[in-house]
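J.:
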Amino acid sequence: MPIRSERFEVISVSLPRDLVRRANALIPKTQRSRVISEVLAKFLDSASRKHLEREYLDYYGQRSARETLEEQDLLAEWSLSDEEAWAILEKEESSGRRAAR
């Protein structure tokens, strides 16, 4: 079992007084560390998603129009219509296969 001190690191952060007052007024003292950790984790997750989004935009922005058109054609070819999807499900159900959940 990991020792509690090995899972956490104590840091010191300087924050604007107004922000500290607002946090102290809203968040019980026993939950502040947990709340701050969750907010920071969500912020970092959001930042990494934004970074990935920018990388995708850069990648797709560098592609030629021909490559983009070829990909769109392939996706259109592979896409199932609603009727085709329902036909597959009905066929599986009628053959005694368990329905997907």
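Numbering (the numbering used here), first residue to last: 44 to 144.
We treat Cβ as the ideally placed atom computed from N, Cα and C, and that holds for glycine.
#1: Cα separation between L69 and K85?
#2: How long is the line joining the alpha carbons of S80 and L87, rounded to whole angstroms?
#3: Alpha carbon to alpha carbon, how far is D101 from S107? Give it in angstroms, no decimals.
#4: With H, G and I counted as helix, E and B as strand and the rest as coil, what does DSSP make of F86?
#5: Measure how close the beta-carbons of R77 and A66 come, nearest whole angstrom, since I'm counting them as under 8 Å.
#6: For L112 and W121, what's the separation of their Cα atoms in angstroms?
T.: For this structure:
#1: 19 Å
#2: 10 Å
#3: 12 Å
#4: helix
#5: That belief does not hold up - the Cβ atoms of R77 and A66 are roughly 13 Å apart, past 8 Å.
#6: 14 Å
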